[in-house]
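In what follows, a structure is listed as structure tokens, so that the remarks can point back to it.
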Amino acid sequence: MSKLSLLAAGGVGYVLGARAGRERYEQIKLQAQKVARNPQVQDVAQRAKDEAAAQATAAAGVVKDKVTDAASAAADKVRQETSINPAP
0 MSKLSLLAAG
10 GVGYVLGARA
20 GRERYEQIKL
30 QAQKVARNPQ
40 VQDVAQRAKD
50 EAAAQATAAA
60 GVVKDKVTDA
70 ASAAADKVRQ
80 ETSINPAP
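In structure tokens, the structure reads:
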């Protein structure tokens, strides 16, 4: 689990499990909103989003190549089996 996910999960758990009442919940909510509006946090989030998109694009190309190779190999095998054992 990444540090960011762990931190977010911890924060959610704390908020949901806090027994300090509505006032404490509002304090936590305001603090979370301040963090979310922080330009540095927004910059890091945008970079993470861009990197994820780039990785997804690269992975899609690799998957496409692998699927094409597998389909070609399967077609070759079917052709080979058909030529060895033709249908009556």
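Mapping of the sequence shown onto numbering that gives the first Met the number 0: residues 0 to 87, in sequence order.
Even glycine gets a Cβ: it sits at the ideal position worked out from N, Cα and C.
Straight-line gap, residue i to residue j (C-alpha atoms, nearest Å)
i      : j     : result
Lys157 : Lys48 : Residue 157 lies beyond the residue range present for the chain, which begins at 0 and ends at 87; the question has no answer from this structure.
Ser82  : Asp68 : 21 Å
Pro38  : Gln45 : 10 Å
Gln79  : Ala70 : 14 Å
Leu3   : Arg36 : 16 Å
Val43  : Glu50 : 10 Å
Ala52  : Lys28 : 29 Å
Lys63  : Leu6  : 35 Å
Gly16  : Glu22 : 14 Å
Integer-rounded CB distance, given that residue j should sit under 8 Å from residue i
i     : j     : result
Tyr24 : Val14 : 7 Å
Nearest neighbour of residue i, chosen from the options [CA to CA]
i    : options                : result
Ala8 : Gln26, Gly20 and Ala31 : Ala31
Host alpha helix (DSSP H) of residue i (start-end)
i     : result
Gly16 : Lys2 to Gly16
Gly60 : Pro38 to Ile83
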